[in-house]
């Protein structure tokens with residue numbers, strides 16, 4: 357079996373971290389698939405899907421780590437072409453990745469106790485995002 361659905365999000369802008377675990381589980385529930393895989397994919401080049409323990413400390417630590425690794429205030433060649441202030445956003449998204457594959461067993465996403473699926477907005481402005489969820493299995 358195969359099932360597809362999209363999740364729509366509105367973000368608050370740069371490094372907004374949104375827990376989408378419940379939304380993805382709801383898609384799994386609607387799919388009727390009990391055992392398989394859920395592929396979660398952001399449609400866009402300045403967003404990312406990952407897992408994190410969704411708690412206040414890590415919601416501050418992740419943006420701080422991204423700033424240390426991929427600072428906003430350095431030159432990015434992307435800026436010479438587009439002048440849109442988001443060269444760092446594209447690099448951050450490339451490293452975090454646009455997708456995540458999660459096993460489904462007994463109709464449930466298989467995640468650790470403190471592991472949530474999150475969307476990370478990396479663009480410099482508020483965005484409306486589409487998250488593709490493809491479920492395959494039986």
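Numbering (the numbering used here), first residue to last: 357 to 494.
Beta carbons are placed, not taken as given, at the ideal position from N, Cα and C, and that holds for glycine.
All figures in this text were calculated on a predicted structure; none of them were measured in a lab.
Secondary structure of residue i, DSSP reduced to three states
i, result
"residue 472", "strand"
"residue 445", "helix"
"residue 467", "coil"
"residue 494", "coil"
Test item: CB-CB of residue i and residue j under 8 Å
i, j, result
"residue 460", "residue 389", "yes"
"residue 368", "residue 403", "no"
"residue 445", "residue 418", "no"
"residue 396", "residue 455", "yes"
"residue 360", "residue 490", "yes"
"residue 428", "residue 373", "no"
"residue 467", "residue 458", "yes"
Contact set for residue i: own chain, Cβ-Cβ below 6 Å, skip 5 residues either direction
i, result
"residue 376", "473 and 475"
"residue 436", "none"
"residue 383", "361 and 489"
"residue 363", "379 and 487"
Residue i classed as buried or exposed, judged by whether at least 16 other C-beta atoms fall within 10 angstroms
i, result
"residue 494", "exposed"
"residue 392", "buried"
"residue 353", "With the chain represented from 357 up to 494, any question about residue 353 goes unanswered, as that position is not in the structure."
In DSSP terms, what residue i is bridged to
i, result
"residue 489", "361 and 396"
"residue 499", "This structure cannot settle anything about residue 499, because the visible part of the chain is limited to 357 through 494."
"residue 484", "366"
"residue 456", "396"
"residue 461", "464"
Own chain partners of residue i with C-beta closer than 7 Å, once the 5 adjacent residues on each side are dropped
i, result
"residue 400", "485"
8 Å CB neighbourhood of residue i in its chain, flanking five on each side removed
i, result
"residue 433", "443"
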